[in-house]
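The next block holds one structure in the form of structure tokens; read it before the comments.
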Amino acid sequence: TKQYIWPRGFALEELQAPLTKKFQLLKVVSPIQQGLADKNPDVDAIYRLTCKLPITFNSSKNISLGSGSICPFNSQNTSWLREAYPLMYLPSYCSFRMTDIWRSFIALRILHENNWYLTFRSPTMYQLRNEHNLLNDFNDEIIGYQRNYEMINILDNIKIKKIKNHIKNNLIKIYNQLINKKYFKKIEMDILKAWLKDIS
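Just add 35 to the spot in the sequence shown (first one is 1) and you have the working numbering.
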């Protein structure tokens, strides 16, 4: 689209930065694929309070993000292939508006380590959104604006194993670090381990 827009969870500090246009036509392995949503896509409260909706996206080729690219993705219209199922875990002890955004940063860290790609696809749906209190949404998103960069730096500095059958152990290692940094409460680890046991 030619309309000004950004995904929920994107760093506000980077909104004025020029886009890097380094495109290659590649065949990639992409176990997580986010389809766009027309009309009322998943944007943050700042966007809804300051910009116009609805939006219609153009049909185009898929865009995949390789290693070193960080962009949040959300829970809507997202396809997960079996090898990425463990990464579907949504943290419980954080703001509801951040649970899928922080999940996306964690998933991206593990995708990059395995030479996997996140793909954004043309819209395959439209959303008619329920009523929200936008100021409540904004308040729930403030923690992300304050701590997203910090989380990305923490994730970049965690040494994880590249072998794909270590995804579960890598998740536990990452959540331990983020619990230590007060992103989540200690009980988060119990829920994560229960999730990993269930999907096994």
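Where a beta carbon is used, it is the ideal one built from N, C-alpha and C, also for glycine.
Tyr154 and Ser99 closer than 7 Å at C-beta: Note that residue 154 is Thr in the sequence shown, not Tyr. The answer is yes: Cβ separation under 7 Å.
Residues near Trp230 in its chain [Cβ-Cβ closer than 6 Å; skip 5 each side]: Tyr124
Should Lys96 be counted as a contact of the ligand GDP given a C-beta to heavy atom distance under 6 Å? Among the components modelled here there is no ligand, and therefore nothing to report on the ligand GDP.
CA-to-CA distance, Arg164 to Asn75, given in whole angstroms: 6 Å
DSSP state of Pro121, grouped into three classes? Here Pro121 sits in helix by DSSP.
Helix, strand or coil at Thr55 [DSSP, three-state]: The DSSP-derived three-state label of Thr55 is coil.
Note down the Cα distance separating Gly44 from Ile234, rounded to an integer number of angstroms. 27 Å
With 16 other CB atoms within 10 Å as the buried threshold, where does Ser250 fall? Residue 250 lies beyond the range of the chain shown here (36 to 235); nothing can be said about it.
Please classify Gln68: does DSSP put it in a helix, a strand, or coil? strand
Once the 5 residues before and after Asn97 are set aside, which same chain residues still bring their CB inside 6 Å of it? Thr154 and Arg156
Under 8 Å by Cβ, that's how I've got Glu223 and Tyr128 pegged, so tell me the actual separation to the nearest angstrom. 5 Å
Please say whether Gln162 and Ile90 have beta carbons closer to each other than 7 Å? no
Since Ile136 and Asn109 are thought to touch, with beta carbons under 8 Å apart, how far apart are those beta carbons, to the nearest angstrom? 7 Å
Could you tell me whether the Cβ of Tyr184 comes closer than 7 Å to any Cβ of chain B? The chain labelled as chain B is not found in the depicted structure, where only one protein chain is given.
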